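With numbering that gives the first Met the number 0 applied, the sequence shown covers 0 to 251. By construction, the Cβ of each residue, glycine as well, lies at the ideal position given by its N, Cα and C atoms. If you're wondering where the values come from, they're calculated on a predicted model, not measured in any experiment. Below: the structure, in structure tokens.
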Amino acid sequence: MLASAGYKVIVPYLRGYGTTRLLSSETLRNGQQSVVALDIIALMDALKIQRAIIAGFDWGARTADIMAALWPERCKALVSVSGYLIGSQAAGKMPLPPQAEFQWWYQYYFATERGRDGYDKYRRDFAKLIWRLASPKWNFDDATFDRSAASFDNPDHVAIVIHNYRWRLGLAEGEPKYDGFEKQLAQGPAIKIPTITLEGDANGAPHPSPAAYAHKFAGKYQHRDVTGGVGHNLPQESPNAFAQAVIDVDAM
């Protein structure tokens, strides 16, 4: 839909997925939030793309939010599923009500070596379970899942995923060279570029309510609820709504 509308569309693998590789075995398999955003800035530099519309969900939405907050000059506009997802280690250490903690069960599993080993051994089974819990009304078939699951067969995948979740809880250190970025993000910076946020009506994954983050968007802003049993993976479950948001935010 976007390509037919004249857009050049780039869908990169994040670090630890697909064909991405770290160049040195000595490099920390770092999954902290600012690093993933810096990867995309580096990709834009390599492709000589000065500005782009940034859109995503889950880790992709968080990365897009961070880019829009810290490098607004590189972002023409933003589409973010589930809104404002920038976090901090301080926030990650705060206890939540029991029902909310229950939804994050895998985060605590990953905090153990058993969890790391279990994810390494059963990563596809684990991901399929998360897909079903997060998108309970999405009847995806094996071929759909397998296309995405192939990206988990990356030698750095488990290490980066585990580091990401342990870093969030303050159980793993980041790298000092990124401390300045993380300090900025911990302040919850406002996003000032044109933005459309999206939320599915059947999202079974932990996510904030739109009312809780609307004030974080200080520029032109619109929120859209997407109905029809749409779960966590909104771009794949409702591609037309996602693509239309990209087209519309471009005109804001």
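With a threshold of 16 other CB atoms inside 10 Å of the CB of residue i, please say whether the residue is buried or exposed.
i, result
"GLU112", "exposed"
"ASP200", "exposed"
"GLY179", "exposed"
"VAL160", "buried"
"VAL8", "exposed"
"LEU37", "buried"
"ALA142", "exposed"
"GLY55", "buried"
Between residue i and residue j, is the Cβ-Cβ spacing less than 8 Å?
i, j, result
"ARG123", "VAL157", "no"
"LEU27", "ALA110", "no"
"VAL35", "THR62", "yes"
"ARG227", "LEU132", "What sits at residue 227 in the sequence shown is Gly, not Arg. Cβ distance not < 8 Å, so GLY227 and LEU132 don't count as in contact."
"GLY173", "GLN49", "no"
"VAL248", "ILE195", "yes"
"LEU1", "VAL225", "no"
"SER147", "HIS231", "no"
"TYR220", "TYR83", "no"
"GLY15", "ASP155", "yes"
What is the C-beta distance between residue i and residue j, in whole angstroms, given that I count them as a contact (C-beta under 8 Å)?
i, j, result
"PHE151", "ALA126", "7 Å"
"GLU198", "SER81", "6 Å"
"ILE65", "LEU233", "19 Å between Cβ atoms; not a contact."
"ALA68", "PRO188", "4 Å"
"LEU13", "TRP58", "6 Å"
"LEU42", "PRO11", "6 Å"
"ALA99", "PRO209", "The Cβ separation is near 17 Å, so there is no contact."
"PRO193", "MET251", "4 Å"
"TYR177", "SER33", "5 Å"
Between residue i and chain C, is any beta-carbon pair separated by less than 8 Å?
i, result
"LEU13", "Considering every chain present, this structure includes no chain C. It has just one protein chain."
Could you tell me whether the segment 63 to 82 touches the segment 98 to 108, where touching means 3 or more Cβ pairs closer than 8 Å? no
Can you give, in chain order, each stretch of the alpha helix (DSSP H) that sits fully within the segment 22 to 100 and has at least 4 residues? 32 to 45, 58 to 69, 88 to 91
4-residue-minimum alpha helix (DSSP H) runs that sit fully inside the segment 93 to 161, ordered along the chain: 97 to 102, 104 to 108, 112 to 133, 141 to 148
Check whether the segment 86 to 98 touches the segment 210 to 227, taking contact to mean three or more Cβ pairs, one atom from each stretch, closer than 8 Å. no
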